[in-house]
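Enquirer:
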Amino acid sequence: MDTNGLSDPYIAIALHPDRSGKTKKKTKTIQKCLSPVYNEKFTFDLTPQDRDKRLLIEVWDWDRTSRNDFMGSFSFSLEEIQKEPIDGWYKFLSQVEGECYNIPCSDPINDIARLRDEVRTDKKSDNKRRMDNKDMPHNMSKRDMIRAADFNFIKVLGKGSFGKVLLAERRGTDELYAVKVLRKDVIIQTDDMELPMTEKQVLALSGKPPFLVSLHSCFQTMDRLFFVMEYCKGGDLMYHMQIYGRFKESVAVFYATEIAIALFFLHEHHIIYRDLKLDNVLLDGEGHVKLADFGLSKEGIEERDSTRTFCGTNVYMAPEILNYEPYNHTVDWWSFGVLIYEMLAGQNPFEGEDEENTFKNIKDKKAVFPKHFSQEAMDVLTSFLAKKPNNRLGAGRYARSEVTTHPFFRNIDWEKAEAKEMEPPIVPKIKHRKDISNFDKAFITEKTDLTPTDKLFMMNLDQNDFIGFSYMNPEFITII
């Protein structure tokens, strides 16, 4: 803005993600204005590969003498645009948030008071009563239901586009939990209702190995979803990698072993993880692995099935995902190979200067092995990082046997490993029960306050969309 509080705005429009930059378009710049009207038309030639992309709209303030100022953004999935034309007012979001979703807001020209009058307090109360009654877990009474008021929220452990993970103490007890809090308005706007429901289903599976994070319960309020999970005091592997730089091969083999056991379980239950990365490998107080964050998981993928959704963390994504090809559980073994490489080398094998370069490396470049890598390490990584999924270690019918018998794991007693009887190479330093020193300082210094949601939007939200989310795990064992 200039000294008079005016700006020179223009709109940048593109399909996202767009590695080539060929879809970028922009409007004319309207000078000295705060309420611009453009009336411009843009067209995009879409291909089948574009179906999972979003239309990204960014607002910029043009500046003649310095870098243009970003003002805000939002985006729409191509699917929601095809369902019906978009016409309305939307909040400005940050660049990262704007790439993922949009939040509609009321039209300031219309009478907002009229909207508030239409949505009476008694309707809101009635909706809440119906939600509580319909969503009560079958194995507990209303009196025993878990609620947000049951917890003291102590610190922020992590943060994502949907919400936060908080360290919480259950009131009247010494029990500590990690509570993941997701905003309903963001979930609805990104059309991602499937994600929290899938995460709940995966976390609630019985008979899990000890290397998957345990779920205590799920509950909800009018505006948020809550996952109450075991608190893993040891932090994540990303934090420990930053301390050590890289791991000795014996250390990497230990973590790879426990992660592999978790993947065997998921795949044998027809689940693709799709988000294996250092940040999602947690350590418990003893130093054993706990895989976390199953929001991107895909259920129901049996031996001959496949899926096509473009998702994951860019430096861990398999070539077939980037090529928009059908894929199956073998994408997890690719990510597994990337993670082993990172543990041994202290860096990613394919990361480039930007996302476009990274994707090109993943599709075209062979991993280069440092001199200190053993022959067994190079061989297992070559097998996991095979560009063709069918050639990848773990792709066969007998994946468990293929992986466990590889010479990289030659010193592993798999029965002991599955029984959690292997001694962890790194025991996290924990000074007291509420010690959070193993977590990223960028998160733990943040306030535990929850971001306000759009009240008008929440009043009109159909709570029936979230029926079936609440849950109480009868098998959960509390560790103080």
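First residue of the sequence shown: 1, per full-length UniProt numbering; consecutive thereafter.
Cβ coordinates follow ideal geometry from the N, Cα and C atoms, glycine included.
Values in this document were obtained by computation on a predicted structure and should not be read as measured data.
Could you tell me which uninterrupted beta strand (DSSP E) segments, each at least 3 residues in length, are contained entirely in the segment 136 to 193, listed from first to last along the chain?
Expert: Here the runs fully enclosed are 151 to 159, 163 to 170 and 176 to 183.
Enquirer: When DSSP labels each residue in this structure, what does Ile261 get in the three-state scheme?
Expert: Ile261 falls in the helix class under three-state DSSP.
Enquirer: Can you tell me which residues form a DSSP beta bridge with Thr307?
Expert: DSSP lists Tyr327 as partners of Thr307.
Enquirer: For Leu237, which residues in the same chain have their Cβ closer than 6 Å to its Cβ, ignoring the five residues on either side in sequence?
Expert: Here the set comprises Leu278 and Val281.
Enquirer: Are the segment 371 to 384 and the segment 396 to 410 touching by the rule of at least three beta carbon pairs closer than 8 Å?
Expert: Touching, yes.
Enquirer: Got a sec, what are the start and stop residues for the beta strand (DSSP E) Lys290 sits in?
Expert: Start and end: Val289 to Leu291.
Enquirer: Assign Phe92 to one of three DSSP states: helix, strand, or coil.
Expert: DSSP places Phe92 in coil when its eight states are reduced to three.
Enquirer: Shortest alpha-carbon distance to Asn473 belongs to which of Lys159, Asp50, Met229 and Lys28?
Expert: Minimum Cα distance to Asn473 is reached at Met229.
Enquirer: If you draw a straight line from the alpha carbon of Arg183 to that of Asp465, how long is it in whole angstroms?
Expert: Going by the C-alpha atoms only, they are around 13 Å apart.
Enquirer: Using the Cβ count rule (16 or more neighbours within 10 Å means buried), how would you classify Ser470?
Expert: Result: buried.
Enquirer: Considering Phe14, what are the terminal residues of the beta strand (DSSP E) in which it resides?
Expert: First, the amino acid is wrong: residue 14 is Ala here, not Phe. Element bounds for Ala14: Pro9 to His16.
Enquirer: Please state if the CB of Leu291 and the CB of Tyr341 are separated by a distance shorter than 8 Å.
Expert: No, the pair does not count as a contact, with Cβ atoms beyond the cut-off.
Enquirer: Tell me, please, which residues DSSP counts as bridged to Asp61.
Expert: Asp61 is bridged to Pro9 and Asp69.
Enquirer: Nearest CA to the CA of Arg400: which residue from Pro326, Gln463 and Ile261?
Expert: When only C-alpha atoms are compared, the closest one is Ile261.
Enquirer: Quick check: the Cα distance between Asn438 and Ile243, rounded to an integer number of angstroms?
Expert: Spanning the two alpha carbons is a distance of roughly 10 Å.
Enquirer: Do Arg246 and Ala345 have their CB atoms nearer than 8 Å?
Expert: Taking 8 Å as the Cβ cut-off, Arg246 and Ala345 qualify as a contacting pair.
Enquirer: Starting from Gln220, follow the alpha helix (DSSP H) in both directions and report where the run begins and ends.
Expert: That residue, Gln220, is in no alpha helix (DSSP H); its beta strand (DSSP E) goes Leu215 to Gln220.
Enquirer: So, with DSSP's three-state summary, where would you put Cys104?
Expert: According to the sequence shown, residue 104 is Pro rather than Cys. Note: Pro104 maps to strand in three-state DSSP.
Enquirer: Counting pairs of Cβ atoms below 8 Å between the segment 326 to 335 and the segment 305 to 312, do you hit three or more?
Expert: Touching, yes, given that three or more Cβ pairs across the two stretches are closer than 8 Å.
Enquirer: With DSSP run on the structure shown, which of helix, strand or coil describes Asp236?
Expert: Of the three classes helix, strand and coil, the one that applies to Asp236 here is strand, per DSSP.
Enquirer: Counting beta carbon pairs with one atom in the segment 455 to 465 and one in the segment 203 to 214, are three or more of them shorter than 8 Å?
Expert: Cβ pair count under 8 Å is below three, so no.
Enquirer: Under a Cβ-count criterion, where at least 16 other Cβ atoms within 10 Å of its own Cβ denotes burial, should Tyr273 be classed as buried or exposed?
Expert: Classification of Tyr273: buried, given that the 10 Å Cβ count is 16 or more.
Enquirer: Leaving aside the five residues before and after Lys91 along the sequence, list all residues of the same chain whose C-beta is less than 6 Å from its C-beta, in chain order.
Expert: Taken in chain order, the residues that qualify are Ile103 and Cys105.
Enquirer: Report the CB separation of Ile444 from Val181 in whole angstroms; it is logged as a contact under 8 Å.
Expert: About 16 Å; that fails the 8 Å criterion.
Enquirer: What residue from Lys24, Ser20, Pro196 and Ile412 has the CA that sits closest to Ile13's CA?
Expert: Ile13 has its Cα closest to that of Lys24, out of Lys24, Ser20, Pro196 and Ile412.
Enquirer: Assess contact between the segment 206 to 222 and the segment 282 to 302, defined as three or more Cβ pairs (one per stretch) separated by less than 8 Å. Is contact present?
Expert: Yes: the two stretches touch, three or more of their Cβ pairs being nearer than 8 Å.
Enquirer: Hey, how far is the Cα of Ile426 from the Cα of Glu249?
Expert: Rounded to whole angstroms, Ile426 to Glu249 spans 13 Å at the Cα level.
Enquirer: Among Phe162, Gly160 and Ala168, which residue has its Cα nearest to the Cα of Asn152?
Expert: Residue Ala168 is the option with its Cα nearest to Asn152.
Enquirer: Can you tell me which of the three DSSP states Tyr273 falls into?
Expert: Note: Tyr273 maps to coil in three-state DSSP.
Enquirer: Kindly indicate which three-state DSSP category Lys200 falls into: helix, strand or coil?
Expert: Of the three classes helix, strand and coil, the one that applies to Lys200 here is helix, per DSSP.
Enquirer: Considering only their Cβ atoms, is the gap separating Pro428 from Glu320 smaller than 8 Å?
Expert: Not closer than 8 Å, so no.
Enquirer: Within the continuous beta strand (DSSP E) that includes Met229, where are the two ends?
Expert: Counting along the chain, the beta strand (DSSP E) containing Met229 begins and ends at Arg224 to Glu230.
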